[in-house]
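Shown next, in structure tokens, is the structure this report addresses.
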Amino acid sequence: MAPRYRDHRVMRGAAESRGAACADGAERRAPPLPVRKADAVRCRDAWWIRRVAPLVLTALVLIGFAPLRAQDVKKTETYARIKAALQAVRAIDTHEHLRGFDELPNRVATPDGTGMTLFGIWSGSYYGWTNPLAPWPADGQFDTWWKQAEHNFDNARATSFYRYLLPAFRDLYGIDFDTITAEQARSLNARIFENYRNADWLNDVIVNKANIELMLIDPYWSRLQFARDYPYSVPVLNVTTLLSASHPGRVTSDADSPFAAARRMGLKADSLDDYLAVVDRLFAEAVAADAVCLKSTQAYQRSLRYGKVTKERAASIFQKPPAETTPEEQGDFEDFMFWTICGLSAKYDLPFQVHTGQARIQGSNPMNLVDLIEANPKTKFILFHGGYPWIGETAVIAMRHKNVWIDSCWLPTLSYTVAKRAYQEWFEAFPSDRILWGADTVNAEGIYAATEFTRQCLAEALAEKVERGELREEHAIRIGGQVLRDNALKLFPRLERMLWRDGPPKS
281 MAPRYRDHRV
291 MRGAAESRGA
301 ACADGAERRA
311 PPLPVRKADA
321 VRCRDAWWIR
331 RVAPLVLTAL
341 VLIGFAPLRA
351 QDVKKTETYA
361 RIKAALQAVR
371 AIDTHEHLRG
381 FDELPNRVAT
391 PDGTGMTLFG
401 IWSGSYYGWT
411 NPLAPWPADG
421 QFDTWWKQAE
431 HNFDNARATS
441 FYRYLLPAFR
451 DLYGIDFDTI
461 TAEQARSLNA
471 RIFENYRNAD
481 WLNDVIVNKA
491 NIELMLIDPY
501 WSRLQFARDY
511 PYSVPVLNVT
521 TLLSASHPGR
531 VTSDADSPFA
541 AARRMGLKAD
551 SLDDYLAVVD
561 RLFAEAVAAD
571 AVCLKSTQAY
581 QRSLRYGKVT
591 KERAASIFQK
601 PPAETTPEEQ
611 GDFEDFMFWT
621 ICGLSAKYDL
631 PFQVHTGQAR
641 IQGSNPMNLV
651 DLIEANPKTK
661 FILFHGGYPW
671 IGETAVIAMR
681 HKNVWIDSCW
691 LPTLSYTVAK
701 RAYQEWFEAF
711 PSDRILWGAD
721 TVNAEGIYAA
731 TEFTRQCLAE
741 ALAEKVERGE
751 LREEHAIRIG
761 GQVLRDNALK
771 LFPRLERMLW
781 RDGPPKS
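According to this note's numbering, the sequence shown is numbered sequentially starting from 281.
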């Protein structure tokens, strides 16, 4: 038995050696040893497997995935239909910073007088947050500025802070800014200047071209005033200074000052109880002025983690001069006031818009708000900007808490790609009637551009799900309409009587 076993091993080893020799010989196309017919077949197969099969498999993979790589959903009929349907929606913009026409920012001095320019459009956008922009020159000449600015955009071409404005130049002026010439830029500048001689251009762009019916305006320049400068304006009560005003020295403007408001009302503000009475009166005034919600931007100044602080502790801090107040004390006062404002939000049915995400990013993760959200189930919280970059965190917060809405305002402008992904994730995580949008800008071109950018992003996100068989087209169109309009009407029921596109607002 043993010799036969050894012979078998020798025979197997010889066969393996012949196979290896065949493979090596195939590569050299000249086998070094004579082989039998079976070995020749084995040699041919080994050569095919080693040299040809990988190429064939690679080709099959590339052919299989080519449609996925090459397909742009925006070129499909599905996208075209969804986009057209969303374009027809009379949108309700839940977040703007639009001032009265005469107070619009970024006008500059020119040889033809003070007015809006191409520089003003760019400087009034978010472009300058991360990209260079030459200042307006002392001589006020456009050509002087353009010589300095024309190459400012070279490294920004892929950024959303640059790209979101392009639809305005394309659709409103017929200009491709990516390929703009000096002559086109000069002409564009002159047309912008002419358009802003009166408010007609602004209103036409917002109402007819952007197809916006109402917009909620956060007046951060005058937080406690409730002006309505346009038929589509809806007031918002910005509570940021109410949260931090532990002393009159904490406020820099009477237009933002609860202490100035107290004097106007004939009320005292000497004690914390006095102050809380003033704040309550301001809420009542806001409701009477048709404000539909609150807004806090404290994420730009501090962490969103608001601890539960006793009234006695807050009272001991109130009216202490800023120079005598420690950061910990001021933080405790703001924590107390934030919880107080949450209670007033529920009392007056004013949903609470809270800036989350991009700001002071050390503490702006929306997860910091979860304990507060859970402890205030009657308060309707609106997490702004999708919590960017923490879009998944906002999704799970909304999934867990039915008193949370997510507002995608500014998100496509921050990152179009993230916004598209966010919409798709949110649609999968919680009901579609709790997502909102807003343009979040300051002039006609910015509002049009951000609105168009959002409509495109939303349509693309929905069309991709339809194309993948994850959503019926009619359902996708309904969801898009919810985000652009219906959800705002549901969350802010006072808006119903402000609708005006088919006639004047209802009294």
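Glycine included, C-beta positions come from ideal geometry on N, C-alpha and C.
Cβ-heavy atom distance between residue i and the ligand COA below 7 Å?
i, result
"residue 687", "Looking at this structure, you won't find the ligand COA or any other ligand, since it has none at all."
Give the straight-line distance between the Cα atoms of residue i and residue j, rounded to the nearest whole angstrom.
i, j, result
"residue 760", "residue 742", "8 Å"
"residue 596", "residue 553", "12 Å"
"residue 684", "residue 572", "16 Å"
"residue 365", "residue 755", "12 Å"
"residue 591", "residue 616", "7 Å"
"residue 699", "residue 645", "17 Å"
"residue 512", "residue 453", "24 Å"
"residue 491", "residue 369", "7 Å"
"residue 775", "residue 641", "33 Å"
"residue 348", "residue 748", "Only weak support exists for where residue 348 lies, its pLDDT of 43 falling under 50; the coordinates are left without a value."
"residue 386", "residue 355", "37 Å"
"residue 593", "residue 471", "58 Å"
"residue 582", "residue 411", "25 Å"
"residue 709", "residue 653", "18 Å"
"residue 508", "residue 514", "7 Å"
"residue 767", "residue 362", "18 Å"
"residue 745", "residue 446", "26 Å"
"residue 344", "residue 440", "Low confidence applies here, because residue 344 scores a pLDDT of 47, under 50, leaving its location unreliable and the question unanswered by this model."
What are the boundary residues of the alpha helix (DSSP H) that residue i is part of?
i, result
"residue 428", "422-429"
"residue 755", "753-761"
"residue 726", "724-747"
"residue 402", "398-403"
"residue 357", "357-367"
"residue 779", "Per DSSP, residue 779 belongs to no alpha helix (DSSP H) and is neither H nor E."
"residue 372", "Per DSSP, residue 372 belongs to no alpha helix (DSSP H); it is in the beta strand (DSSP E), 371-376."
"residue 709", "696-709"
"residue 676", "671-680"
"residue 472", "462-475"
"residue 767", "767-771"
"residue 443", "440-443"
"residue 596", "591-597"
Consult DSSP for residue i and reduce its assignment to one of helix, strand or coil.
i, result
"residue 567", "helix"
"residue 343", "Note that residue 343 scores 45 on pLDDT, short of 50, meaning its location in the model is unreliable and no value can be drawn from it."
"residue 800", "The first residue shown for the chain is 281 and the last is 787, placing residue 800 beyond what the model contains."
"residue 323", "With a pLDDT of 49 at residue 323, under the threshold of 50, the modelled position of that residue is not reliable, and no figure is offered here."
"residue 452", "helix"
"residue 486", "helix"
"residue 844", "The question about residue 844 has no answer, for the chain in this structure spans 281 to 787."
"residue 648", "helix"
"residue 715", "strand"
"residue 389", "strand"
"residue 519", "coil"
"residue 384", "coil"
"residue 513", "strand"
"residue 584", "coil"
"residue 562", "helix"
"residue 663", "strand"
"residue 692", "helix"
"residue 637", "coil"
Looking at residue j and residue i, is the spacing between their C-beta atoms short of 8 Å?
i, j, result
"residue 261", "residue 695", "In this structure the chain extends from 281 to 787, so residue 261 is not present and cannot be described."
"residue 523", "residue 621", "yes"
"residue 636", "residue 584", "yes"
"residue 504", "residue 541", "yes"
"residue 672", "residue 705", "yes"
"residue 233", "residue 531", "Beyond the ends of the chain as shown, which are 281 and 787, falls residue 233; an answer cannot be given."
"residue 436", "residue 476", "no"
"residue 561", "residue 547", "yes"
"residue 529", "residue 415", "no"
"residue 498", "residue 681", "no"
"residue 733", "residue 692", "yes"
"residue 398", "residue 469", "yes"
"residue 781", "residue 493", "yes"
"residue 449", "residue 442", "no"
With residue i as the anchor, note down where its beta strand (DSSP E) starts and where it stops.
i, result
"residue 632", "632-634"
"residue 576", "574-576"
"residue 394", "393-395"
"residue 687", "684-687"
"residue 538", "Not the beta strand (DSSP E): residue 538 falls in the alpha helix (DSSP H), residues 538-545."
"residue 493", "492-497"
Could you confirm whether any beta carbon from chain D is found closer than 8 Å to the beta carbon of residue i?
i, result
"residue 587", "No chain D appears in the structure shown, which is made up of a single protein chain."
Should the region 657-666 be regarded as contacting the region 588-607, the criterion being three or more beta carbon pairs within less than 8 Å?
No, the region 657-666 is not in contact with the region 588-607.
Could you check whether the region 554-567 touches the region 624-638, counting it as contact only if at least three pairs of C-beta atoms, one from each stretch, sit closer than 8 Å?
With a cut-off of 8 Å, the region 624-638 and the region 554-567 count as touching, because enough Cβ pairs lie within range.
Counting beta carbon pairs with one atom in the region 393-404 and one in the region 762-770, are three or more of them shorter than 8 Å?
Verdict: no, contact absent.
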